[in-house]
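In the working numbering, the protein residues as written are 514 to 604. Every residue, glycine too, gets a C-beta built ideally from N, C-alpha and C. Structure record follows, encoded as structure tokens.
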């Protein structure tokens, strides 16, 4: 199980397939984790599981500045996260 602070527990089933990138959206905003294995994300994270899910993207996301858009509990707005641009090398 992944939360915004990393691995927060275990589960006997997976909800998402690895490899995947997990990004904290509540609490620990913008924290970035990599999972080779299938996993269960809790509601404090976003995750990327696709053909574009590469270690390059993971390392690039480590350097993206994500801003908290909520006041009481720090939070990452999905539209703001999607607006971040990352340089992608040509094949």
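Measuring CB to CB, does residue i end up less than 8 Å from residue j?
i	j	result
residue 541	residue 563	no
Within the continuous alpha helix (DSSP H) that includes residue i, where are the two ends?
i	result
residue 594	591-596
residue 573	568-574
Assuming residue i contacts residue j under a Cβ cut-off of 8 Å, what Cβ separation, rounded to an integer in Å, is found between them?
i	j	result
residue 527	residue 556	In fact, because the Cβ distance is near 16 Å, the residues do not count as touching under 8 Å.
residue 536	residue 559	5 Å
residue 519	residue 546	6 Å
residue 553	residue 524	4 Å
For residue i, does the three-state DSSP call read helix, strand or coil?
i	result
residue 515	strand
residue 563	coil
In terms of alpha-carbon separation, which member of the options lies closest to residue i?
i	options	result
residue 531	520, 549, 570	549
residue 539	594, 581, 593, 523	581
Need the endpoints of the beta strand (DSSP E) that residue i sits in, please.
i	result
residue 547	545-548
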